[in-house]
Amino acid sequence: MNNYTCKHNNVEVEDYCCINHFLDAVIEEVFDTDSDFSSTTIIASGELAQDLIRLLLSATMDDDDDFVFHMGMVDFDSVEYGQEYYISINTDHEVWCEPVCHDGIYYTDEADHIYVYEDSDYKILDKVGSDNITIFGFED
Ligand SMILES: [Zn+2]
């Protein structure tokens, strides 16, 4: 997202070593009762989106085998839709997934913390209403 300026003045950029450590950080924040974040959305497309959903839904805590998250509505099209998804964790610890773009119309998202994968379409940043946005990538 080089050279991009948008209406948000609090965009952070963070690199993670891998998808697992990225999700560890996201999940830790969701369960941190001292943080102000009760809803979280990750914006990603393609294989990354698929892997994020898969890993979130199969995540367990260290000390027991129960899954951390329930499945909300997951609308994922691996055949034709090639754009980004909103992958959201709500206050009931449900994982939801929906396409950012429906027939050319961009939907909005207002999670407390929004993570945007660095290769995402810049236009999406203008559609999200969050005071905390992190553009994330992975070290290679
Ligand atoms: Zn790692």
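Numbering-wise, the sequence shown is residues 1 to 140 according to our numbering.
Even for Gly, the Cβ is constructed at its ideal location relative to N, Cα and C.
Endpoints, beta strand (DSSP E) assigned at residue i
i, result
"V116", "113-117"
"E94", "94-99"
"V79", "Per DSSP, V79 belongs to no beta strand (DSSP E) and is neither H nor E."
First and last residue of the uninterrupted alpha helix (DSSP H) at residue i
i, result
"S58", "46-58"
"I87", "Where I87 is concerned, there is no enclosing alpha helix (DSSP H), although the beta strand (DSSP E) it sits in stretches over 84-89."
"V30", "19-31"
CA nearest to the CA of residue i, picked from the options
i, options, result
"Y107", "L23, D92, Y86", "Y86"
"D92", "D65, I133, H70", "H70"
"L117", "E80, D131, L52, L56", "The displayed chain sequence assigns Tyr, not Leu, to residue 117. Nearest of E80, D131, L52, L56 to Y117, Cα basis: L52."
"R54", "T40, T134, V95", "V95"
"N90", "D109, K123, T134", "D109"
"D24", "G104, E139, K123, V68", "V68"
"I43", "A111, E139, D131", "A111"
"G137", "D15, E29, F31", "D15"
"I229", "L56, E80, S38", "Residue 229 lies beyond the range of the chain shown here (1 to 140); nothing can be said about it."
"E139", "L57, D131, P99, F22", "F22"
"Y122", "D34, D103, E84, P99", "E84"
"T60", "N20, S130, D75", "N20"
"D49", "F76, S130, G129", "According to the sequence as given, residue 49 is Ala; it is not Asp. Here the closest residue by C-alpha is F76."
Chain B within 8 angstroms of residue i, Cβ atoms only
i, result
"L52", "The chain labelled as chain B is not found in the depicted structure, where only one protein chain is given."
Residues that residue i bridges to, as DSSP identifies them
i, result
"V74", "C97"
"E139", "Answer is none; E139 lacks a bridge partner."
"I133", "V11, I114"
Residue i Cβ short of 7 angstroms to ligand 1 heavy atom set
i, result
"H70", "no"
"H93", "no"
"H102", "no"
"C17", "yes"
"N20", "yes"
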